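Q: Once you've had a glance at the structure underneath, I'll fire off some questions.
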Amino acid sequence: MLDDKEIVLSALEKVDKFYVYLAGINNNEIFLVTTLNVPNEVEIEGKKFKVVTYQPDDYLNQVVEKEYEIFRKYKIYYFVKAYMRKILDTLSSAEVERMSIDIKDNLS
1 MLDDKEIVLS
11 ALEKVDKFYV
21 YLAGINNNEI
31 FLVTTLNVPN
41 EVEIEGKKFK
51 VVTYQPDDYL
61 NQVVEKEYEI
71 FRKYKIYYFV
81 KAYMRKILDT
91 LSSAEVERMS
101 IDIKDNLS
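One point on numbering: in the numbering used here, the residue at position 88 of the sequence shown is 88, and numbering is uninterrupted.
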C-alpha cells in the first residue's frame with residue numbers, strides 16, 4: 001500500500017498538477033486548492049478517496065476562519081511556494097491580531 005505522500009502525488013497525476021496550488025490528505029480525503037474542475041472522487045490502487053477542492057482566492061479568504069477544518073487537519077505534501085507563503089502570512093497576521101486583542105483585553 002502507498003503511503004500518504006505517494007497517494008497525494010498519484011492523485012496529482014490524475015489532474016493537471018500545474019493548476020494545483022496546494023494538495024494534502026486526511027484519511028480517505030484528498031484536499032486540493034486548484035482552478036480546475038476535478039472529480040469528487042479518485043481511485044488509487046483500488047481505494048477510493050473523496051476529493052475536497054477550493055478555488056485559490058476562496059481558500060485564502062476562508063483559511064483564517066476555518067484554519068483547522070481546511071488547513072491544519074490535512075497533511076500537506078504538495079504546494080506552490082508563493083501560495084503557501086501567502087497562507088502562512090495570512091495565518092500569522094491573524095494570530096498577531098488575536099494576540100494584540102488578548103493583550104488589550106488583559107490590560108483593561
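A virtual CB, placed ideally from N, CA and C, is assigned to each residue, including glycine.
The structure presented is a predicted model; accordingly, all values stated were derived computationally and were not measured.
With a CB to CB cut of under 6 Å and the five nearest residues on each side skipped, what residues in its chain are close to serine 56?
A: Note that residue 56 is proline in the sequence shown here, rather than serine. So the list reads Tyr21 and Val33, once near-sequence residues are dropped.
Q: Can you tell which of Tyr74, Glu65 and Ser100 has its C-alpha closest to the C-alpha of lysine 112?
A: Only positions 1 to 108 of the chain appear in the structure, and residue 112 is not among them; the question remains open.
Q: Measure the C-alpha to C-alpha separation of serine 10 and glutamate 65 and round it to an integer number of angstroms.
A: In a straight line, the C-alpha of serine 10 is about 30 Å away from that of glutamate 65.
Q: I'd like the ranges of any beta strand (DSSP E) spanning at least 3 consecutive residues and lying wholly in the stretch 37 to 74.
A: DSSP runs (the beta strand (DSSP E)) wholly in the stretch 37 to 74: 41 to 44 and 47 to 54.
Q: In this structure, does DSSP put threonine 35 in helix, strand or coil?
A: Correct three-state label for threonine 35: coil.
Q: If you run the structure through DSSP and keep just helix, strand and coil, what is leucine 2?
A: Reduced to three states, the DSSP call for leucine 2 is coil.
Q: Relative to the alpha-carbon of lysine 48, which residue among Leu36, Ile30 and Asn37 has its alpha-carbon at the smallest distance?
A: If we check each option's Cα against that of lysine 48, Ile30 comes out closest.
Q: Using CA coordinates, which residue listed in Lys86, Thr35 and Phe79 is at the minimum distance from valine 63?
A: Out of Lys86, Thr35 and Phe79, Lys86 has the C-alpha closest to the C-alpha of valine 63.
Q: In the DSSP output, what is leucine 29 paired with across the bridge?
A: The sequence given here places glutamate at residue 29; leucine does not occur at that position. Bridge partners of glutamate 29: Asn26 and Lys50.
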